[in-house]
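Residue numbers (my numbering): 342 to 1159.
(1) Are residue 1082 and residue 1108 touching if we call contact CB-CB under 8 angstroms?
(2) So, does the segment 451-462 touch the segment 648-657, judging by three or more C-beta pairs under 8 angstroms?
(3) Tell me, please, whether the segment 1032-1049 touches the segment 1074-1091 by the rule of three or more beta-carbon pairs shorter than 8 angstroms.
(4) Got a sec, what are the start and stop residues for the alpha helix (DSSP H) residue 845 sits in?
(5) How far does the alpha helix (DSSP H) with residue 429 in it reach, from first residue to last?
(6) Just to confirm, are residue 1140 and residue 571 a CB contact at a threshold of 8 angstroms?
(7) Check the DSSP bridge columns for residue 1094 and list the partner residues they point to.
(8) Taking just the CA atoms, how far does residue 354 sit from residue 361?
(9) Between which two residues does the beta strand (DSSP E) holding residue 1001 run?
(10) Sorted by chain position, which residues of the same chain lie with C-beta nearer than 7 angstroms to residue 775's C-beta, five sequence neighbours on each side aside?
(11) Does the pairing of the segment 621-635 with the segment 682-702 give three or more beta-carbon distances under 8 angstroms?
(12) When the Cα atoms are used, what is the spatial distance from residue 434 to residue 779?
(13) Of the residues 962, 980, 1123 and 747, which one's Cα is nearest the Cα of residue 995?
(14) Could you tell me which residues DSSP pairs with residue 1114 in its beta bridges?
(15) Do you know offhand how far residue 933's Cα is from residue 423's?
(16) What is the rounded straight-line gap between the Cα of residue 841 and the Cα of residue 1124?
(17) Kindly give me the distance between the Cβ atoms of residue 769 and residue 815, rounded to whole angstroms, as I take these residues to be in contact under 8 angstroms.
(18) Residue 464 and residue 699 - do their beta-carbons sit closer together than 8 angstroms?
(19) Okay, do the segment 951-960 and the segment 972-992 touch, 3+ Cβ pairs below 8 angstroms being the bar?
(20) Compare the C-alpha of residue 1047 against each of 514, 1015 and 1011 and name the closest.
(21) Decide if the segment 915-925 is in contact with the segment 886-905; the criterion is three or more beta carbon pairs, one per stretch, under 8 angstroms apart.
(22) Taking the alpha-carbon positions, what's the residue 1131 to residue 1144 distance?
(23) Of the choices 674, 673 and 653, whose alpha-carbon is the least far from that of residue 664?
(24) Pull up the distance between the alpha-carbon of residue 718 and that of residue 409, whole angstroms please.
(25) Within the same chain, show all residues whose beta-carbon is closer than 7 angstroms to that of residue 893, passing over the 5 residues directly before and after it, in chain order.
(26) To the nearest angstrom, how far is the alpha carbon of residue 466 from that of residue 626?
(27) Let me confirm a value: residue 379 is counted as buried when at least 16 other C-beta atoms fall within 10 Å, else exposed. Which label applies?
(28) Since I believe residue 501 is in contact with residue 518 (beta carbons under 8 angstroms), could you give me their beta-carbon distance rounded to a whole number of angstroms?
(29) So, with DSSP's three-state summary, where would you put residue 1128?
(30) From residue 471 to residue 859, what distance separates their C-alpha atoms?
(31) So, under 8 angstroms CB-CB, residue 530 and residue 415 are touching, yes? Tell me the CB distance rounded to an integer number of Å.
(32) Could you give the residue range of the alpha helix (DSSP H) that holds residue 440?
(33) Look at the alpha carbon of residue 930 and the alpha carbon of residue 1033, and state the distance between them as a whole number of angstroms.
(34) Taking C-beta to C-beta, are residue 1075 and residue 1044 nearer than 8 angstroms?
(35) Quick one: what's got a C-beta closer than 8 angstroms to residue 1013's C-beta in the same chain, skipping five residues either side?
(36) Would you identify the three-state DSSP class for residue 1073, choosing helix, strand or coil?
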């Protein structure tokens, strides 16, 4: 009992020491203000913590015109930050407390790993402290600002510990191993690759030191794998199944990115700047310890060889563009790992090596100073303190990048102005500010409480290619920029004088009709009135052919049947020299018109030259020379003679229930019929071809004027009833049926409803937004994001609870035996 109490006290003192060291080393980081950005990613990660504090939603409005939150980025670090944020009612404090938690976790995980490797308590405490305060880890924290990877690096020793448990312990430890694997993967899945390199080189050591048979190891591996996958399935399965919706680049195949993310050897060996990849004195001392292992027993020799081999390979891969074998970085899978990420495991090698070095010195001390227990303890204590202080002395190189900062006041003033706009259904855009302000642009929606067109994880942006081109177009292609800003419902644009393209942006904004409404310091705010959340398309379908231009581009089909199920996407459908396979297709045409569609029908030549459609009968007529035309609207004398190659002109005319605009005796040559909410225009005498055959501009103009209002997008008005994460409801009025672009990024799990009835949605290729065919008239449109993977969260929760229950039961049995 006394021994147990002493052990508990020792662990408590260890944790207290790490905590106090954290407060000392991070005192400037923990001070008042934001976590330092230094051009890194800090604000982007802070935003996600803030967003989770409001409650989790798989789709958020704040970024990119709609964004699948955490679909393609591991969530654990944000959950930890949001937990502490909720406790303190501050996302900033949540971020900082999560950093402290991670450092404690790093020290403990490294301590546990070394104990499993057979090191002494003193060595494991030393390695735990050295690992937790690795200068490389601090570089990842700031200036890089990769908060999730910092958390993951501190948990990474659990990955190797899990492997050891699988080969050395019973099945209960395999459950624990599965929990460890899930924890590391949910913190940052890329560590399975960088630390997987270490695991690969340690396979001989693991095999030599195994305590289980092959069959038991296979069973333990299965248990650990099932446990890990079950717990992490709520994120892993959607990530794997929907990667095609993300924009992951093979970055090592893009020359400038490959070069930018490769490590220069000098930046690895020396502290050239806060952004360098220097591993610190701890790594050099660790290499000495690893070299010592190579001189010891077979097991320790295998451990040392594995660590040394993994280190050399990691350094080789990290050099990338600057190294001797850059082709390795372009191999499948490896081509998606930025070269510098291979250095992630070196801090573990350094910390473990220092533990091995201390073990060796600890064995030598009694031989040099005699057997006096007190003298031995004093010398060991001094040696331990020296190694800690010496190893952590490099922390001073990161001191400048670990100072809390204030958000720029002028930038904040502009965001406050935007926030005071009480309207909704629009976004603000910050071209060039990602250069001058870095990741602060992603935090701007939290300060303004309004959605922005930016974010800070382009891989997850559903419309990344379109947004990327807009960033170019706002300076160089104002024609596209005008269309895009309207489609993305951008009301405000923030520009910064310090951006090199500032003058080009301002010139284009003014040309497009923006006016400056506010400025503060170098920041200027522009606003326009030409934004819209609903934008009808000018969508025309011609089935058959049309002999002259309509003034807009149109889709063309040979058979009506091929487009029969998608007619509602078009504001105007023209049937001219058309065909169809199934006569029942006319039922769908009737439905299209009833719902507000506009149909133009010329039955010659077609299968319906003598058919009745919409209650109007088509008849074949023959005219020669001057036709006996009459009209109270058109100048019939301006029409050309009706002859074809010296023969009578053969075509169709109509009789029945329709309103005539032009007649040939008792037949209607040009007329219309209202049908439901739509209209059908009947064109006789094959007038489109007649106009071209005779090159008669007046005849062409009549037809163009007749269709002009329907070729142009219909008029639309709308009122947003509700808009929030994953849900949009609005009332709209369309002058006639049309395909409409909704200013929300398309993603497969959106569902659309008109007056409660589900309608199909599609992706608009030009802008990456939602397209939906809407009927004419006044209706209610609802859009709901329905995540099909939501039930998997319960599987993960149940799996986690079961794993904790199994571990708690095992711990209780051990405690009872003790």
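Think of the CB as a built atom: it goes at the ideal place given N, C-alpha and C, for glycine as much as any other residue.
Here the structure is a predicted model, which is why all the values come from computation and not from measurement.
According to the structure data:
(1) Contact check for residue 1082 against residue 1108 passes: the beta carbons are separated by less than 8 angstroms.
(2) Result no; under three Cβ-Cβ pairs closer than 8 angstroms.
(3) In short, these stretches do not touch, since the Cβ pair count stays below three.
(4) According to the DSSP assignment, residue 845 belongs to the alpha helix (DSSP H) that extends over 843-853.
(5) Element bounds for residue 429: 417-429.
(6) Contact flag set, yes.
(7) Beta-bridge pairing links residue 1094 to 1099 and 1123.
(8) Take the alpha-carbon of residue 361 and the one of residue 354: they are about 10 angstroms apart.
(9) Run containing residue 1001: 1000-1005, per the beta strand (DSSP E) assignment.
(10) 782 and 795, listed in sequence order.
(11) The segment 621-635 makes contact with the segment 682-702; the number of CB pairs closer than 8 angstroms reaches 3 or more.
(12) Rounded to the nearest angstrom, the two C-alpha atoms are 21 angstroms apart.
(13) Closest option to residue 995, Cα to Cα, is 962.
(14) 1080.
(15) If I take the Cα positions, the gap works out to 50 angstroms.
(16) Cα to Cα, the separation comes out at about 40 angstroms.
(17) Actually they do not touch by this definition, with Cβ atoms about 13 angstroms apart.
(18) Cβ atoms of residue 699 and residue 464: closer than 8 angstroms.
(19) The segment 951-960 vs the segment 972-992: no contact.
(20) Just measuring C-alpha positions, the residue of 514, 1015 and 1011 sitting nearest residue 1047 is 1011.
(21) Segment contact: the segment 915-925 against the segment 886-905, three or more CB-CB distances shorter than 8 angstroms; contact assigned.
(22) If you take the alpha carbons of residue 1131 and residue 1144, they lie about 21 angstroms apart.
(23) It is 653 whose Cα lies nearest to the Cα of residue 664.
(24) Going by the C-alpha atoms only, they are around 57 angstroms apart.
(25) Excluding sequence neighbours, residue 893 sits near 879, 881 and 1052.
(26) Just so you know, the alpha carbons of residue 466 and residue 626 end up roughly 16 angstroms apart.
(27) Residue 379 comes out buried.
(28) With a beta-carbon spacing of about 11 angstroms, residue 518 and residue 501 fall beyond the 8 angstroms limit used to define contacts.
(29) Correct three-state label for residue 1128: coil.
(30) Between residue 471 and residue 859, the alpha-carbon positions lie close to 51 angstroms from each other.
(31) Confirmed, about 5 angstroms.
(32) Counting along the chain, the alpha helix (DSSP H) containing residue 440 begins and ends at 432-457.
(33) Looking at the two C-alpha atoms, the distance is approximately 28 angstroms.
(34) No; because the gap between Cβ atoms is not below 8 angstroms, this pair is not in contact.
(35) So the list reads 999, 1000, 1002, 1020, 1021, 1022 and 1023, once near-sequence residues are dropped.
(36) In the structure shown, residue 1073 adopts extended strand secondary structure according to DSSP, grouped into three states.
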